[in-house]
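Notes for the one structure printed next.
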């Protein structure tokens, strides 16, 4: 099957799917094509949804897709889950629910469960965002589980990040972590019909207010919204909040936008660079008998692993 | 303050705490000391507890500490949380609860919230396990949040890994992921008084039974236990299961134990090696003006980030 820039730019979904698979497998021609696509990217708006398992991310994303489609926006969805589910069973319900858009040409859904051959999870996600962008998707939605550094990194690549919590997931807002908090542009308390929703929202509000002093004048302050995704309650308000944040980024604070882009590209470049070096190291380490000898020496306590690493590094030059 | 191998081996807690701080800060003398300590490690039994936030890890670990202390075992605890809590508030309750052992000389508790200067989270955790081991702790408990590759990697360094779930955390056992499942030696359904506990246990049992065909004859099969950690229910049974697994590792399957050790050391060596290379790259990347020029060129779409990374790599040699 021929992979070409033109086919992707014309929105050919089969070519895009093939390209993504080949990127996963680390096939050189796919990476070459990705390079050529780069000049045609930068038009898609990237929307992040993050939160713990069970918070209702897929259900809310599903509703957001419907809203975007009713406004004639095309949508790409990347569901990132670094720890692959033990069987299709548990998560299948979610995927099927979202697949009600599966027959809609305007929606392209891709799950990213493994790190793949292409490199780290952040790197793979960034590459797939680019393909969807070049494919002409107006909005790319990143759905991440929201725990772990990988996913904080991924969420940071979004233009607008929605952090979701549900009441009674823990005893309080224990499940929300600092890294996630700092990247939130909008907070959503989903399952708002449950006990404790108002309290959770109040705690979040207090937290946002506490951070007010450290924010510059005129800076974006994350709103706190209540939703019941499964009954489509509060979704209009969420769309409105997303639109407000987008307008804020593009108009009110264009300098912040440029800073964000520069930081994002800087991180991406560094990430790609590290990935390339890691590959070389991995290869050298695994193909070499030195590493096996060293492991034996470490087991026998003849050398410690830190000194062993220094020795190997000296040998690799 | 003098840091010496002898002081650590004599069990001096203040020296150990200082060493851990200096390792976090990447101070060379601390790394040199860690090298010298290596020959004196390998005696501690490492016990992992992993599960989602709110599952009751700290409460159960607290009960396990009490049990170990009543058997005259000294204990080191490392609570790993890669996404630092937004304030001390949310998690303080847990930490305080565990601190009832804080005045007990036989218990040493250390939280690891950030990656630190020493390197990745896995690397930092491995280093602290070694210090606690050299300090003479009989058992080192690793408490991890159990989502994300980092924590799977950390859990893999334990001799016995306890995977905790609670009923009604999600709709089913959605929160349990493949990576975590594969490393479980014992399953604990905590909060067993809650609705759905029996169902969760039955689902886990089914899953374990489904895996039976792919396990070699005589291989360890993870038991599924029910606990109510806050009322100390089921903790004796857990201690018994841990002891059974320990006996299995040391006696019934000594070959598996050696394989486990060899794999662990191989991974650790590779991890240290990668950390060292990353440091060099990071330094070269950040001190160089090349990277800044490249970012500008990428923003202007004059070059794509993949080609840019290749160019930088060529220049670094």
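Chains as they are written, first to last, in this note's numbering: chain A, 246 to 562; chain B, 246 to 562. Virtual Cβ for every residue (Gly too), placed ideally from N, Cα, C. Please read all numbers here as calculations on a predicted model, not as lab measurements.
DSSP, read as helix, strand or coil, puts residue 356 of chain A in strand.
If you draw a 10 Å sphere on the C-beta of residue 308 of chain B, you find 16 or more other C-beta atoms in it, and that means buried.
Residue 464 of chain A sits in coil when the DSSP states are folded into three classes, being neither helix nor strand.
Distance from the CA of residue 321 of chain A to the CA of residue 548 of chain B, rounded to the nearest whole angstrom, comes to 25 angstroms. Under the three-state reduction of DSSP output, residue 284 of chain A falls in the helix class. Contact of residue 549 of chain B with chain A is assigned, a C-beta pair being separated by under 8 angstroms. Between residue 325 of chain A and residue 389 of chain A the beta-carbon gap is near 5 angstroms, inside 8 angstroms, which marks them as a contact.
Residue 305 of chain A has a beta carbon lying at 8 angstroms or more from every beta carbon in chain B. Residues of chain A whose Cβ lies closer than 7 angstroms to the Cβ of residue 540 of chain B are, in chain order, 507, 510, 511 and 514.
Residue-level contact by beta carbon fails for residue 290 of chain B and chain A, as no gap is shorter than 8 angstroms. In the structure shown, residue 456 of chain A adopts coil according to DSSP, grouped into three states. Listed in chain order, the non-local C-beta contacts of residue 298 of chain B below 8 angstroms within the same chain comprise 390, local neighbours out to five positions each way being set aside. The C-beta of residue 384 of chain A has 16 or more other C-beta atoms within 10 Å across all chains shown, which makes the residue buried. When the beta-carbon positions are compared, residue 373 of chain B and residue 397 of chain B stay at least 8 angstroms from each other. Per DSSP, reduced to three states, the secondary structure at residue 319 of chain A is coil, with no helix or strand assignment.
Using a Cβ-Cβ cut-off of 8 angstroms, residue 431 of chain B does not count as an interface residue toward chain A, since no Cβ of chain A sits closer than that to its own. Residue contact with chain A for residue 428 of chain B: absent (no Cβ-Cβ distance below 8 angstroms to any residue of chain A).
Out of B:380, B:350, B:382 and B:402, the CA that lies nearest to the CA of residue 367 of chain B is found in B:402. Taking a beta-carbon distance threshold of 8 angstroms, residue 536 of chain A counts as an interface residue toward chain B.
Inter-residue distance for residue 288 of chain B and residue 273 of chain B is about 26 angstroms (C-alpha atoms, whole angstroms). Per the Cβ contact rule, the region 497–517 of chain B is not in contact with the region 482–501 of chain A (fewer than 3 Cβ pairs under 8 angstroms). The CB of residue 553 of chain A comes closer than 7 angstroms to the CB of 514 in chain B, given here in chain order.
Taking the beta carbon of residue 546 of chain B as reference, the chain A residues within 8 angstroms of it are 283, 284 and 287, listed in sequence order.
Within 9 angstroms of the CB of residue 523 of chain B, the CB atoms of chain A belong to 519, 522 and 523, in sequence order along the chain. Taking residue 356 of chain B as the centre and dropping the five residues before and after it, the same chain places the C-beta of 324 closer than 6 angstroms to its C-beta, in chain order. Along the length of the region 468–518 of chain B, whole beta strand (DSSP E) runs at least 3 residues long occupy 469–471, reported in chain order. Of all residues in the region 460–472 of chain B, none has a C-beta nearer than 8 angstroms to a C-beta of chain A. If you draw a straight line from the Cα of residue 552 of chain A to the Cα of residue 524 of chain B, it is about 16 angstroms long. Of the other Cβ atoms in all chains shown, 16 or more fall within 10 Å of the Cβ of residue 519 of chain B; this residue is therefore buried.
In this model, residue 369 of chain B and residue 246 of chain A are separated by some 47 angstroms (Cα to Cα).
Per the coordinates, the alpha-carbon of residue 349 of chain B lies some 41 angstroms from the alpha-carbon of residue 434 of chain A. Proximity to residue 450 of chain B across B:468, B:464 and B:459 peaks at B:468, based on C-alpha coordinates.
Contact between residue 440 of chain A and residue 461 of chain A is absent: CB atoms are separated by about 37 angstroms, not below the 8 angstroms threshold. The C-beta distance from residue 483 of chain A to residue 442 of chain A rounds to 15 angstroms, too long to fall under 8 angstroms, and the pair is not in contact.
Distance from residue 404 of chain A to residue 494 of chain A at the Cβ level is roughly 6 angstroms; contact confirmed, criterion being Cβ atoms closer than 8 angstroms.
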